[in-house]
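Encoded as structure tokens, the structure appears first; notes follow it.
Numbering (the numbering used here), first residue to last: 8 to 153.
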């Protein structure tokens with residue numbers, strides 16, 4: 008999963024959580040401010056939780072600004088989002104392709120919707136430098152976008 012923070016008038020920041028390696032004190036900080044266990048917080052991001060997305064972005068921002076307080080990190084909802092990394096996109100695509108409950112039209116529509124997200128599994132890799140990950144809009148991939 009790639010966390011995307013695009014502040015108005017500022018530089019976009021992207022963190023691939025596979026590469027960023029959230030350290031245990033960071034995960035604990037997310038747990039403390041959200042009241043969610045770490046694994047639950049990650050799952051909630053995918054389900055559109057702004058609380059979880061903000062908390063994870065905050066701990067990642069603290070790496071550059073260690074004194075940043077959670078209460079001071081108040082980005083607009085449209086400035087935060089996530090994208091699936093290439094490995095996740097490939098797993099989603101395989102799940103759609105292998106789903107026996109879908110007829111061909113439903114499968115084609117689901118794959119077209121997946122392609123519309125704008126990240127092709129061949130464009131990135133799990134080992135990619137986060138700075139080289141395609142810079143598609145966070146809003147396009149995020150269920151939190153308005």
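We put the beta carbon where it would ideally sit given N, CA and C, even for glycine.
This one's a predicted model, so the numbers in the text were calculated from it and none came from an experiment.
Kindly identify the DSSP beta-bridge partner or partners of residue i.
i	result
residue 11	21, 88
Using CA atoms only, rank isn't needed, just tell me which of the options is closest to residue i.
i	options	result
residue 174	8, 9, 13	In the structure as shown, the chain begins at 8 and stops at 153. Residue 174 is therefore absent and cannot be evaluated.
residue 39	19, 26, 61	61
residue 25	17, 15, 8, 41	8
residue 103	77, 75, 121	121
residue 15	80, 41, 85, 75	85
residue 28	43, 117, 10	10
residue 36	119, 77, 72	77
With a 10 Å radius around its C-beta and 16 neighbouring C-beta atoms as the bar for buried, classify residue i as buried or exposed.
i	result
residue 49	buried
residue 131	At residue 131, the pLDDT of 40 sits below 50, so the modelled position is not reliable and the matter cannot be decided from this model.
residue 93	buried
residue 74	exposed
residue 79	exposed
residue 123	exposed
residue 41	buried
residue 59	buried
### contact_flag[the region 51 to 65, the region 86 to 95] where n(CB pairs < 8 Å) is 3 or more
yes
### Query
Three or more beta-carbon pairs under 8 Å between the region 99 to 109 and the region 24 to 39, yes or no?
no
### Message
Does the structure place the region 14 to 23 close enough to the region 65 to 83 that three or more beta carbon pairs sit under 8 Å?
### Response
yes
### Task
Please go through the region 65 to 119 and give each complete beta strand (DSSP E) segment of 3 or more residues, from N-terminal end onward.
87 to 90
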